[in-house]
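Novice: The structure's right below; bear with me while I get my questions together.
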Amino acid sequence: MICLGKVAERWQKAFAEHKGIQKLAEEFVLLNLVYDTTDKNLVLDGQYVPKVVFVDPTLVVRADIAGKYSNHRYTYEPGDIELLFENMKKAMKLLKSEL
71 MICLGKVAER WQKAFAEHKG IQKLAEEFVL LNLVYDTTDK NLVLDGQYVP
121 KVVFVDPTLV VRADIAGKYS NHRYTYEPGD IELLFENMKK AMKLLKSEL
């Protein structure tokens with residue numbers, strides 16, 4: 071799971087308070103890129119931050135795992151913590167079924 075932009079500050083409290091994410095995060099490699107990237111594989115639907123994208127072990131960006139905003143599909147707000155948790159579970163299921 072790659073967090074693009076300064077999402078760590080925004081998410082720190084929400085992550086700490088969500089026991090499900092705390093447990094599931096142990097199964098993920100979490101990478102926080104403070105500065106936006108120009109890597110075309112991570113730009114997806116536009117060059118904006120913050121953005122959270124899921125990447126599988128073969129380094130393929132999972133564009134099919136997105137947030138709820140139509141204009142910025144990979145943005146999650148702290149109030150979207152349950153959706154992020156569900157998407158983390160979805161990423162784990164896809165990983166197990168596709169490998």
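So for the sequence shown, our numbering puts the first residue at 71; every next one is plus one. Ideal Cβ positions, reconstructed from N, Cα and C, are used throughout, including at glycine.
1) Can you grab the Cα-Cα spacing for the pair T108 / R132, in whole Å?
2) Short check: CB of G75 to CB of F155, under 7 Å?
3) Which of helix, strand or coil does DSSP assign to L129?
4) Taking E168 as the reference, give the member of V130, E147, Y139 with the closest Cα.
5) Following the continuous alpha helix (DSSP H) through I151, name the residue where it begins and the one where it ends.
Specialist: According to the structure data:
1) Taking the first residue of the sequence shown as position 1, residue 108 is located at position 38. Taking the first residue of the sequence shown as position 1, residue 132 is located at position 62. Straight-line Cα distance between these residues: approximately 17 Å.
2) Numbered from its first residue, the sequence shown carries residue 75 at position 5. Numbered from its first residue, the sequence shown carries residue 155 at position 85. Not a contact, by the Cβ cut-off of 7 Å.
3) Within the sequence shown, the letter at position 59 stands for residue 129. The answer is coil: DSSP assigns L129 none of H, G, I, E or B.
4) Here residue 168 refers to the residue found at position 98 when the sequence shown is read from its first residue. Of the candidates V130, E147, Y139, the one whose C-alpha sits nearest the C-alpha of E168 is V130.
5) Translated into the one-based positions of the sequence shown, residue 151 becomes position 81. Start and end: 151-168.
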